[in-house]
Every structure is written in C-alpha cells, then in structure tokens.
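There are 4 protein chains.
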Amino acid sequence: MNKKSKIGIVGATGYGGIELIRLLSSHPHFHIYSVYSSSQEGTMIKDIYPHLSHESWRLQDIDPNRMAQEVDLVFTATPSGISSRLVPGLVDAGLKVVDLSGDFRLKEEDLYEQWYQKPSAKKSYLHQAVYGLSEWFAEEVKESSFIANPGCYPTATLLALAPLVKSRLIEEDSVIVDAKSGVSGAGKGLSSVTHYAEANENLKIYKVNQHQHIPEIEQVLKGWNENIQPITFNTHLVPMTRGIMSTVYARAKDRMTLEDLYALYLESYKAAPFVRIREKGKFPSTKEVCGSNYCDIGVAFDERTNRITIVSVIDNLVKGAAGQAVQNANIMMGYEQQTGLNFIPVYP
Amino acid sequence: MNKKSKIGIVGATGYGGIELIRLLSSHPHFHIYSVYSSSQEGTMIKDIYPHLSHESWRLQDIDPNRMAQEVDLVFTATPSGISSRLVPGLVDAGLKVVDLSGDFRLKEEDLYEQWYQKPSAKKSYLHQAVYGLSEWFAEEVKESSFIANPGCYPTATLLALAPLVKSRLIEEDSVIVDAKSGVSGAGKGLSSVTHYAEANENLKIYKVNQHQHIPEIEQVLKGWNENIQPITFNTHLVPMTRGIMSTVYARAKDRMTLEDLYALYLESYKAAPFVRIREKGKFPSTKEVCGSNYCDIGVAFDERTNRITIVSVIDNLVKGAAGQAVQNANIMMGYEQQTGLNFIPVYP
Amino acid sequence: MNKKSKIGIVGATGYGGIELIRLLSSHPHFHIYSVYSSSQEGTMIKDIYPHLSHESWRLQDIDPNRMAQEVDLVFTATPSGISSRLVPGLVDAGLKVVDLSGDFRLKEEDLYEQWYQKPSAKKSYLHQAVYGLSEWFAEEVKESSFIANPGCYPTATLLALAPLVKSRLIEEDSVIVDAKSGVSGAGKGLSSVTHYAEANENLKIYKVNQHQHIPEIEQVLKGWNENIQPITFNTHLVPMTRGIMSTVYARAKDRMTLEDLYALYLESYKAAPFVRIREKGKFPSTKEVCGSNYCDIGVAFDERTNRITIVSVIDNLVKGAAGQAVQNANIMMGYEQQTGLNFIPVYP
Amino acid sequence: MNKKSKIGIVGATGYGGIELIRLLSSHPHFHIYSVYSSSQEGTMIKDIYPHLSHESWRLQDIDPNRMAQEVDLVFTATPSGISSRLVPGLVDAGLKVVDLSGDFRLKEEDLYEQWYQKPSAKKSYLHQAVYGLSEWFAEEVKESSFIANPGCYPTATLLALAPLVKSRLIEEDSVIVDAKSGVSGAGKGLSSVTHYAEANENLKIYKVNQHQHIPEIEQVLKGWNENIQPITFNTHLVPMTRGIMSTVYARAKDRMTLEDLYALYLESYKAAPFVRIREKGKFPSTKEVCGSNYCDIGVAFDERTNRITIVSVIDNLVKGAAGQAVQNANIMMGYEQQTGLNFIPVYP
C-alpha cells in the first residue's frame, strides 16, 4: 500500500514555494501536509495566488516541534539570511530538510559573509548540510537528512563544467561563464529592475564579478580539481520569465576533437535521466526545458582558438530550484530520482 | 490491472499535436501508441522539436485500416480543410476520433463554406460528430465515438455565455465579444503577422467581423436560446505565446444584482471541475490558467448601464485544444473527465 | 531670429516627464530651461535615468514666483492628487500651464471625488482649465493659458467616437469601449501588477466598470451630444511597454454602408495631421504608432448586427500624454500644431 | 541657403531600409529623393508598412545611370549576396554609396567566401570600400565615396575592444566575446527561429564559432594590433526586438586598476559624441540606447582573475545599421557627424 510521505513547505508564497506546490501536487509518494510562514500566518495561499484558487491551504505558523510531529520532510524556500536562522531549529527537531536558500551551501563562514554581506549560519550546520547537485552527489544525498539545494546559476554551470573539470582537460585558469537568466530568478520582491516597463525589451548585465554564486561554483569545482583557479562569472537579466542559459568558455589543455568532447558528455551523463546532450553541432534553447526538470547541454570545440564552448539550459524554478529539491527529496527518501518529475517541457 | 487504451495522434507536429503528446505522456489510462503524418512520414519528432529529445517517436504514414488495428482512439490535430478529407476514413474504419479542426463543428455545409472558404465535409459526418464542449455536452460525448472538439475562442466564449443565455437573462441582440489571444493560436505556420519583430510589442485586431468561430458560437447559443441574434465578435493578437481572454458584454433584460449574477455562475458550474468562478469583484488573468485545463471566469454587473461583463480565460492550447480533447476522450472512454488533467497552472 | 520659448517641466522623473524631455529636446521653438521636483530636489536626472547620461539637468525645487521669472510655460507631469494642489499656484503666478494629470479634466468636483477618491481641485480652476483634445478643441486651446491634457484612454476613445457621436449616427445607449494598454501606462511606481514576472505573458482586465477615465469620456461625449447615455468602458493590461488600443462598439441608428462610414472619418480628420484613417478593411496595430504622435483609426460596419466597430491606436506616452501636451503647447504659443512632432514611428 | 543633398535608398523595404527612412526624414541636410527596389518596383511603401501610411513613396526600379542623375548619395540596404552584384554599378556610375550589407567589409575574397558561403565581390571594389566604423576611421571616411558600413555585432564589439587592443594592454590570445541580439537583427525574412511562438520566452545561441562577423572583427583588430590571435565569438538571440549587447572578456597583460581602465575609455572616446562611458561600477542596458545612435559602454576589472570585462550596447538598427550609415554619410558630405542623429533614446 502506498503510504505517502507528509511534506511541509516553509516560504510557500515565493516563486520557489509555489513551484514546489505545483510539482508536489502530482507527486505519487509525497503529500503536501501543510504550508508555513512566519510573516503571513493565517492567510489563504489562494488569496495571494489566484492560479491556486481551487486549493485551500492556509499558512500555518512555524513551530519546529509541532512540525516535526506533523510532517516527515520540510522544504524551506525562504530567502538567504532567513534560512540561516530558521533551518537549524528544524534540523534539530529531527526533520529532514531540503533548504533552497544559499545559506548552507558554502562551507566557510567567512566566504559566506564576504559574498552575501550577511551573518553566516553556524559552522556546524554548514558542515552538516550536503550540497545537493543531484547528478554528482547522489550518494551523499542518500545518506543525508539535510540538503543545501544548489543555486540556479550553479546548477546550470556545474552540470556544464563537471565533465571538463573532472577529466582535467582544460587549462585551470581559463574558465569564463557568461550566464543569462529570466526575470523570475529575481523573485517576487518588487524593484525597479524587475518593473515591467524597465525589464521588458531590455537586456541588462548585473553584479559584474560580484555574484554570490561565484564562490559556490568555485567550491564545487575545486572539490573536483584542486588546481582550478578563480573563474570569471557574469550574469545578465533577459526579458523572459523563466530560463537560465550558461555559456561556458574554457581552453583545452591539448588538441582535442568535437567527437571526443561529445563522447565525454554522453558518457558522463549516460545515467542521468534529466541531462540531455544535444547532437554534435546542435545547442539547446531555454524554452526547450521550460517547466521541466531537464538540463539540456550542447558542446562545441573551436580549432581556431582551441577553446571549448559548453551551453547548458535549465528552467531556473524547476531544475534550478523546486525540481532539483524534489529530486533530492526523492533520493533522500529512497525513491527513484525521477519520481513525480517526468513531465515534458511546456512548449511553445 | 490497469490496461491502458492505445492512442494515435495525427498531425503530431503542430502545436496542438505536441500539446497532446505533453498531456498524454502523463495520463494514467492512455498510452500514445503511435504518431502519424501524411507529409512527414519517417521523420523523428525529436528532430523537429528538441524539447522532446528524450522521446523516440517516428512519424508513421496514415492508413486507416492499419490504424484501426493498432489503436483505440485517434486525435486528429490536422488543419481545417485536411480533417474534412481525412477523418471520415478513420471514422468508417471504426476508430474513435476526437477531431481538433473546425471541419466538423458546424452542422450546415453552406455555413462552413461561407466562413471557411473551403469545401465542407459531407453532411452525414457533420451530423455524426458531437460538439465536445465538455461542461455542457458530456452526455452526448459519452454516447459518441466521434467528437468535434470546440475551437479555442468558442470554448472561452461559450463557457462565459452559457449561464446567461440558458437562463434567458439577457437581451438577445446585445451580445458583444471582444476576444484576445496569444500568438500560438495562429499555429506553427510562418507569416509576417507572427514574425517576432512584428508581433512583439504589438497589439493587433484581425478578422474584424469575419472570424470563422462566429458561426460556431452562434450555433451553440441558438441551441440554448433560439432567439439569440447575431453576435458581434472580434479578435485581437496579444504579444504573448499562450492564453485567450474573452471579454463578453450583454445587456440584462431586467435589473439584477451582482449577487444574483455570481450565484448563477457558481450554481451553473458547481459540478465542473475545470471551471473556477472568481469571487465578486475579482477577475482572472490569462497567466492564472497557463499550461492547465482550467477556464477561470469573473462576472460584473454595472448599474449605470444595466450591462453585464463576463471575463473568461483559458490556455488556448489546453482547454482551447488538447486539454479539452483529452477531457472529451476521458468521457468517451468512461473515465472521470479530470483524469490526467489535474495539474496546476505554470505560474509565474 | 528664432528666440526659443523657455520651458519648465515639473515631475520630470516619471514616464510622462522623461517623454517630455525626449520630445522637447528636438523641438525647434521650445527650450527646456529647467526641471523641477518637490521631492528629489538636487538630484541629477541622469542618475535616475542612464539613457539621459549625456544630459546634465539637476532637479530644482518648486517656487512658483521664481519659476514665473525663469520660464514661459510649464508642463506639470505630476500624479493626480498632486497637481490639484500644485498647479493653482503656477497658474496664479502667471505661468502658462499644460497639466498632464487628471485633476483638472472633470468640471464637477463631486464627479472627481467620486471616481478618483481624492479631494478635488477648486471649482474655479476646474473651469479655467481647457480640455486639450487638440483635434477638436484647438480654438479653445489657442485662447487659453491653462490646459488639462486628456488622459491616454480618453484620447484614443474620443478620437474614435467623435465623428459618430457628433453626427448622431449611433444609438445613444449603445457605446461599449473595450480598451487595452501597455504596461507603461501604469507609471513608474512599483506594484505586483507591474512586476515583470507577473505582467509578462499575461493579459489582465482591471478596474472593471470603475476606471476614472469613464466620466472624462462621458463629459466630452455629452458635450457633443447631450443624449449620450452612460458608456460601458473596460481596460486591459497587455504585456508590452507602449501602446493603447480602443476597440469601440456602437449600434447604428439606421442602416449605413462601410463606404459612408469611411467617408465620415476621412472628412472629420482631413485637417488633422496626426490622425491617419486606414483604408476600408484595414485596421491599425499599436506598433504602427509607437514613439510617434499619431492616432491611427480603422472602421468597420457589420450588416449582420448593424454594429459599427472603430479601432484606434496611440502611443500612450506620446499622443496619450507628452506628445499631445506639446501639441497643445504649440497651439497655445501660436505655432503650427505639428511643430517638433513630425517624427516617424519607431518600427519594428 | 540650405540646399539639401538628394538621397536614394535601395532595399527600402527591409528593416534597415525603413530605419533609414525614419532617420533621414528629420535630417536637416538630407532629403530622400527616391526609394528603389529590383523586386518590388511600383509598390507603395505604405502598402507594406502602415506605420508610413502618411508617406507616398513608390518603389522605383534600379537603373544606375538614371539614379546618378537623380541623387547624390545612395544607401544600399540590400542583403549580402545582392550588394556584391548591385553596388559596383552604382559606384561606377559615380554615386556616393554607403552599403549596409556585409559584402564589402572583408578585404580578402577567400575570407568572404569561406564565411559567407557566397561568391565574393571583385577584389578591386573590396579595396575601394572604406570600413565605416565612424569613431575610428572618420578620416578615411571623409576622403572616400564608398563606405562599407560595419555589421551590428562588429560595431558594438569593436567599440568595446578598440581602447584595449590599440593600447596593447591585453593578452593577444585572450579575447572572448559573448554577444546577444534582439530578433530584429535577423531581418524581415520569415523563419521558424523568428516565429513569435518559438522566439518569445526563449534564449537561443546560434552560429556557434561560425558567425560571419568573426573575420570582420578580427580584420579590424589585427589592423590595430597585428599580434591579435583568433577570437572566440558567440551570438545569442534574445526575446526583444531591438538591441545588442557585447560582453567582452580579455586578460590584462599586467596588473591594472579599474581607475586606469576607466580613464583609458574616457580618454579614448572624449571626442566621440555617440559613445557614452558609464561611471565606474555601472553598466549599460540595451534599452538605454533604444532608437538612438548611442553606444554605451561600461568597464570592469576583476583582481581575482586579472580579467577585464567590457560591456557595450547599441540599437542594432541604428548605431548597428542605419544610424551609423547616416553618421558616415554626414562625414562623407562634410557635415558634423551628429547631424540629424542627436535624438534621445526612446525610454521606457
């Protein structure tokens, strides 16, 4: 008999939160038991989001001990700076936690405080949290009860870079990532940058050399190859709602062929159901993964420059947030990682 | 044991066709057995649509007798003018058919030829086909094996008008429908009107007083109230991919209250799982149904003018095409109408 | 010798204000002498708007007497509720004023307070202000020194309706206006409705039967035909930055022909350089006037219903705001109305 | 007395052509005398483009000798592969020519044929044509009567790279250009890539390592520094109509400071009225130049990686095509380069 796991969602009113609701609503083994909020307790979610007008969730206050009795696993889709204070209590209460914020991804407190300009969570929790890039750390995730879900840009970028870095085929100081995101990545908070008349028909670079995802990416890359040097990483805001593309450049140490490069990627991801490698000479577009948990990747080698270009795309709210969180929860709970996530992109 | 029905899709390479693939892929009782095309036989669908790159369907040629042995039910997502010639053979071969074109919706050959400017299908087939507006003709659909799936605009418009027309609350010559659609409604065929640089940042009215969905709407309205006079119906192209809004105006015969109007709609759709009535004073937006089979409706009464305004929104490719087609197939096959369609809108 | 008139702009940091700067910068007879703000005194405009980074205006405080010595004419692009308190002082100081807010358009204080839900300006100023729909009130504008510049929706709607209403060809209780606007019409202020991720790929109806432009339109219509009854007027937010379309419906009193209707519009606007009538059977799109001061109009008559459809489009920030304000200023100052406004739409 | 130069436009029905019409219509010294087309002779331009419905140009056939008698200067906005055959006749007839195609930019026939996959123009014409990057080759333009107007991507990229390459501050093999363009750059021709439903809400990389603008950029860079090695250059299609951003990466040969870098750019462009350098720490967005002839540039230096990032934005149809063409024509004819081009960007 299929007894479903009981799930709680904290921060259900942000874009990550409602995407968790969308994905979990059709999950065969997970049941959303309750949604929680410290600031909007008592509010019906459908009063904030009419697209959920057929649902009747009311936001509950956050009480770790009560929550530990109510649910088996909690997704915390709270902002950075909030999770650092909230999540330890949930972990201590014995709950399994998948945290979608950036607060438990970096292992060094100093690094966090330098890039996030906020107080870090305590070191013990930083070390307890497993970095949930599902395709590469599934074993660790399976053994853990506390997951730091990767950032949207790091997910796209690390899945693009992993085969190159692990195989040590590229010059260690040659990595440049030119990343682009749809506007939903900026979240639900209002700002002039995300004001429609300003963001529409506009392409904007932001946080040049200063994005907080830089140390997250470098930490993982160095775990794969300790010689990797600081990367150049820039982010652009694209006038569309969903989607991230990472265009990754690196110089090959030695001559290689496109055939070799393609074979490397096919082999690297042959067991990864959500990573689709495009045929030689073809490259993915963001719309081709919209609404889905796929990360699509295309590869190129340029003989003129000896440079490799890797293009990866994800839906920032799915594989870049809620989808990968569910994927990690599946692995933690012993289900197949694709469970409840095998839907087709919404196209066009 | 769950033995799935075998499904065929004809015209799988259009936007209606790939939406059928998306919806049917997660349907618990339907299994896509094969996809068919007269013009692209032998082509892999993933070579046309990289978002389906994990799928391996190859387009098969159309042979009604072979198809009748292979599958239980066929969706024909072929254009108007093609279905009229193709579908009779499938019906005659004994297949259950849900046709998404406009070729079998009008019951009069003359009317079809006047508004579509093409030769009509034979009258016998016109009469055999049941008009599949699921919420209002479920009984007829259940008894039928050949469904004419409603057009996108008629679905939004008729669901908005049905309670008013059936209850005879409005002046019969007062109906004006100002309809707006996203660009995917124009299909996959190239044209300057759907060229990005022309359609983007543009709002365009088209087919003024001449849209072929006018007689379809009027035919159904007259079935509900034989005194309904010709309607005014205009369509606009909105710079977005998915979504239809029908803003419907009609004059009340007698004084009424918003309370009465709201109660009428609640009552009319209390058993309709895909119709959601907004609270008094609230109105739906197209994004609130994107990717889903919902039709959301808001109602207003203006005492200054004695006019009623009904606003209905659908995703033109789901409730306006593939979703309603699956809903009809569910009803035909004896399943609950929501089967496989209970997903949440993709928001934002 | 060409001595330029000295111009002041109050409220230069809103979208109406920066559009005035754009238009006036290339005006042969107007010179922007200074820009004013009560709240941002001392700020450089280029620090708010980098697209003006080659300009060096610094916002000055508002002092009517000093302003009267500095400049000849002031455009007040301040919000409703602010203009009502600010403008009388400027008028009293002897300045020519073109006010872009809604505060001086309605002649009845009660009507203003009912629809705007704010205190009205004093009646004497309401009566002093001339309603600046340039095409129809040029004589009054020429004699005035205080113009209430029309709203964006009223401009598009009244230019569409004027020939019909003045010629008394339509049933007086039959006017329905289905209006649609780009998002810049909501201004620079942040709100969840204008948050990119919410407004993009979305079509939203708002202020159903309650838009404050309703009494403005009715006041002018009744001035043309005292028998005109309350109109139905609804507004929709379209995912684009600029552009308004008014789709206007009315029933003809008597049978008419498209030929007659078309001739009426050609004749009505033969001396109006900014109104372009589309040929019979053709209709304008919003992009066709983008960035320009044109109002393009298409007309249709439907014999099935005896209803007339008039479609008018404007750029809401130009003909719907700053452009018409300059047009009025031209007329007030004795220049040709097109002066400085004869540029071609930005297309595509 | 102001006697205007008579201008002809060949290829007036493409996006480059109608942008020339927009810009030249308000030019004080240029008068559009006639528009020409080989394929659409006799057609009224307003029948193709309703935004020009107040204009009455009729397309004339192309006869170089007659044209030489009619006009002083011709802009050829014809596609690559057409200009190579058309322009020599115009040049030989004694006309001044500004060609907007790519056919006369590369000096080597082989290079052209390799990257364009088309027959090259004759070598003598390649050498006769002056490459019209106005900011850097004004002297040559002034002496010439035949200009090869730069490509859109090369304009943005070369203006970004010029100060670095000319000053020899960067490692010669370190240049990577990640370029992004709005969809109007693909022109008026229909294709599935520019079909609205495919391009909207989508970010697509294209012509990876294969864009025909690569040799154009390298040719100019090598003219400035013969040691420059092949560059990596990739292009992305962004869901907006207008705008190009080049994000340029290069490694500094020696340690430098942001202060030095900023000073270099200020100095390099101090006499360039259309290049605006953003303050340190600020970067331009494409919308900030929309509709204008500006190229806005921001600079960054990252001490972690010793890499320089230069961000440049242009309107692809203005500074990237028609605007720079007019700028070059101004220089050729002895006018100030800004003549007729000093308008403010359309914002928002």
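Chains as they are written, first to last, in the working numbering: chain S, 176 to 523; chain F, 176 to 523; chain B, 176 to 523; chain H, 176 to 523. For every residue, glycine included, the Cβ atom is placed at its ideal position computed from N, Cα and C. Bear in mind the structure is a predicted one, so any value in this text is a computation, not a measurement.
Please check the pair residue 252 (chain S) and residue 326 (chain S), which I expect to be a contact at CB under 8 Å, by giving their CB distance rounded to whole angstroms. If you number the first sequence from 1, residue 252 (chain S) lands on position 77. If you number the first sequence from 1, residue 326 (chain S) lands on position 151. Incorrect: roughly 13 Å between the Cβ atoms, too far for contact.
For residue 473 (chain B): DSSP bridge partner residues: Reading the third sequence from its first residue, position 298 is the one you call residue 473 (chain B). DSSP output for residue 473 (chain B) lists B:486 as bridge partner(s).
Beta-carbon within less than 8 Å of residue 198 (chain H)'s beta-carbon, same chain only, minus the 5 sequence neighbours each way: which residues are those? Position 23 of the fourth sequence, counting from 1, holds the residue named residue 198 (chain H). Excluding residues within five positions, the ones whose Cβ falls inside 8 Å are 493, 497, 498, 501, 515, 516.
If the cut is a Cβ gap below 7 Å, which residues of chain H does residue 458 (chain S) touch? Sequence index remark: in the first sequence, residue 458 (chain S) carries index 283 (1-based). Within chain H, the residues near residue 458 (chain S) are 380, 383.
For residue 271 (chain F), three-class secondary structure by DSSP: Working through the second sequence from its first residue, we reach residue 271 (chain F) at position 96. Three-state DSSP puts residue 271 (chain F) in a strand.
Out of curiosity, what's the CA-to-CA distance linking residue 181 (chain S) and residue 372 (chain B)? As a working note, residue 181 (chain S) is residue 6 in the first sequence. As a working note, residue 372 (chain B) is residue 197 in the third sequence. Between residue 181 (chain S) and residue 372 (chain B), the C-alpha separation is close to 30 Å.
With contact counted as at least three CB pairs below 8 Å, one residue from each stretch, are the segment 305–312 of chain F and the segment 437–455 of chain F in contact? Inter-segment contact for the segment 305–312 of chain F and the segment 437–455 of chain F is present: three or more beta-carbon pairs are separated by less than 8 Å.
Should residue 414 (chain S) and residue 413 (chain H) be called a contact, given that it needs their Cβ atoms to be closer than 9 Å? Locating residue 414 (chain S) in the first sequence gives position 239, where the first residue counts as 1. Locating residue 413 (chain H) in the fourth sequence gives position 238, where the first residue counts as 1. Going by C-beta atoms, residue 414 (chain S) is nearer than 9 Å to residue 413 (chain H).
Report the residue from F:430, F:485, F:382, F:468 whose alpha carbon sits nearest the alpha carbon of residue 456 (chain F). Working through the second sequence from its first residue, we reach residue 456 (chain F) at position 281. Residue 456 (chain F) has its Cα closest to that of F:485, out of F:430, F:485, F:382, F:468.
What first and last residue would you give for the alpha helix (DSSP H) that runs through residue 419 (chain B)? Along the third sequence, read from residue 1 onward, the residue named residue 419 (chain B) stands at position 244. No alpha helix (DSSP H) contains residue 419 (chain B), which is instead part of the beta strand (DSSP E) from 419–426.
Taking only the alpha-carbon atoms, compute the straight-line gap between residue 344 (chain H) and residue 274 (chain S) and give it to the nearest angstrom. Here residue 344 (chain H) corresponds to residue number 169 of the fourth sequence, with the count starting at 1. Here residue 274 (chain S) corresponds to residue number 99 of the first sequence, with the count starting at 1. Cα to Cα, the separation comes out at about 45 Å.
Short of 6 Å in beta carbon distance, which residues of its chain neighbour residue 176 (chain S), apart from the five on each side in sequence? Order them along the chain. Counting from 1 along the first sequence, the entry for residue 176 (chain S) is found at position 1. In this prediction, residue 176 (chain S) has a pLDDT of 44, which is less than 50 and means its spatial position is unreliable; what the coordinates show is noted afterwards. No residues qualify anywhere along the chain.
Drop a sphere of 10 angstroms on the beta-carbon of residue 409 (chain H), count the other beta-carbons inside from all chains shown, and report buried for 16 or more, exposed for fewer. Translated into the one-based positions of the fourth sequence, residue 409 (chain H) becomes position 234. By the beta-carbon neighbour count (other beta carbons within 10 angstroms, threshold 16), residue 409 (chain H) is buried.
Report yes or no: is there a C-beta of chain F within less than 9 Å of the C-beta of residue 475 (chain B)? As a position in the third sequence, residue 475 (chain B) is number 300, starting the count at 1. Yes, contact with chain F.
Determine whether the Cβ of residue 176 (chain F) lies closer than 9 Å to any Cβ atom of chain S. Mapped onto the second sequence, residue 176 (chain F) falls at position 1. Its pLDDT being 44, under 50, residue 176 (chain F) is placed unreliably in this model, and the coordinates cannot settle the point.
Tell me residue 409 (chain B)'s beta-bridge partners as DSSP assigns them. The residue given as residue 409 (chain B) occupies position 234 in the third sequence. BP columns for residue 409 (chain B) point to B:353.
At a CB distance below 9 Å, what residues from the segment 509–522 of chain S approach chain F? Give them in sequence order. Within the segment 509–522 of chain S, the residues whose Cβ lies closer than 9 Å to some Cβ of chain F are 517, 518, 519, 520, 521, 522, listed in chain order.
Using a Cβ cut-off of 9 Å, pull out every chain H residue sitting near residue 418 (chain S), in sequence order please. In the first sequence, counting from the first residue as 1, residue 418 (chain S) sits at position 243. Against residue 418 (chain S), the close residues of chain H are 376, 377, 378, in the order they occur along the chain (beta-carbon pairs closer than 9 Å).
Please compile the residues from chain S whose C-beta is within a distance smaller than 7 Å of the C-beta of residue 353 (chain H). In the fourth sequence, residue 353 (chain H) corresponds to position 178, counting from 1. Ordered by position in chain S, the residues that pass the 7 Å Cβ test against residue 353 (chain H) are 353, 422.
For residue 498 (chain B), name the three-state secondary structure that DSSP assigns. Residue mapping note: residue 498 (chain B) aligns to position 323 of the third sequence, counting from 1. If DSSP states are grouped into helix, strand and coil, residue 498 (chain B) belongs with the helices.
For residue 338 (chain H) and residue 357 (chain H), I'd like the C-alpha separation in whole angstroms. Counted from its first residue, the fourth sequence places residue 338 (chain H) at position 163. Counted from its first residue, the fourth sequence places residue 357 (chain H) at position 182. Cα-Cα distance, rounded: 26 Å.
Would you mind listing the alpha helix (DSSP H) stretches within the segment 261–324 of chain F that are 4+ residues and don't spill past its ends, in chain order? Inside the segment 261–324 of chain F, DSSP marks whole alpha helix (DSSP H) runs of 4 or more residues at positions 284–291, 298–303, 309–318, from first to last along the chain.
Please classify residue 379 (chain H) as buried or exposed, where buried requires at least 16 other C-beta atoms within 10 Å of its C-beta. Numbered from its first residue, the fourth sequence carries residue 379 (chain H) at position 204. So residue 379 (chain H) counts as buried.
Residue 462 (chain H) - DSSP class collapsed to helix/strand/coil: Position 287 of the fourth sequence, counting from 1, holds the residue named residue 462 (chain H). In the structure shown, residue 462 (chain H) falls within a helical segment according to DSSP collapsed to helix, strand and coil.
Would a C-beta distance cut-off of 9 Å place residue 436 (chain F) and residue 475 (chain F) closer than the cut-off? Along the second sequence, one-based indexing puts residue 436 (chain F) at 261. Along the second sequence, one-based indexing puts residue 475 (chain F) at 300. Yes.
How big is the Cα-Cα spacing for residue 429 (chain H) and residue 348 (chain S)? For this step, residue 429 (chain H) is matched to residue 254 along the fourth sequence. For this step, residue 348 (chain S) is matched to residue 173 along the first sequence. Straight through space, the alpha carbons of residue 348 (chain S) and residue 429 (chain H) are spaced by roughly 16 Å.
Rounded straight-line distance, which links the Cα of residue 369 (chain B) to that of residue 369 (chain S): Looking up residue 369 (chain S) in the first sequence gives position 194. Looking up residue 369 (chain B) in the third sequence gives position 194. Taking the straight line from one Cα to the other gives about 9 Å.
For the segment 211–225 of chain H, enumerate the residues whose C-beta is nearer than 8 Å to any C-beta of chain B, in chain order. Against chain B - using a Cβ distance shorter than 8 Å - the residues of the segment 211–225 of chain H are 224, 225.
Closer than 9 Å at the beta carbon, the chain B residues around residue 496 (chain F): Translated into positions along the second sequence, residue 496 (chain F) becomes position 321. Here the premise fails: no neighbours, minimum Cβ distance about 18 Å.
9 Å Cβ cutoff met for residue 248 (chain H) and residue 270 (chain H): As a working mapping, residue 248 (chain H) is identified with position 73 in the fourth sequence. As a working mapping, residue 270 (chain H) is identified with position 95 in the fourth sequence. At a Cβ-Cβ threshold of 9 Å, residue 248 (chain H) and residue 270 (chain H) count as neighbours.
Could you work out which residue in F:467, F:375, F:366 is closest to residue 463 (chain B) when comparing CA atoms only? As a working note, residue 463 (chain B) is residue 288 in the third sequence. The shortest CA-to-CA distance from residue 463 (chain B) to any of F:467, F:375, F:366 is the one to F:375.
Contact residues within the segment 223–249 of chain S, judged by C-beta distance below 9 Å to chain F: Shown in chain order are the members of the segment 223–249 of chain S whose Cβ falls below 9 Å from a Cβ of chain F: 224, 225, 226, 227, 228, 229, 230.
Cα-Cα, which of B:266, B:254, B:304, B:272 is closest to residue 293 (chain B)? For the purposes of this step, residue 293 (chain B) is taken as residue 118 along the third sequence, with counting starting at 1. It is B:254.
For residue 208 (chain B), the three-state DSSP class (helix, strand or coil): Within the third sequence, numbered from 1, the residue matching residue 208 (chain B) stands at position 33. Here residue 208 (chain B) carries a strand assignment [DSSP, helix/strand/coil].
Between which residues of its own chain and residue 278 (chain S) is the CB-CB distance below 6 Å, once the five residues before and five after are set aside? Residue 278 (chain S) sits at position 103 when you count from the first residue of the first sequence. 255, 258, 259, 296, listed in sequence order.
Opposing strand residues paired with residue 251 (chain F) [DSSP bridges]: Numbered from 1 along the second sequence, position 76 holds the residue referred to as residue 251 (chain F). Bridge partners of residue 251 (chain F): F:185, F:274.
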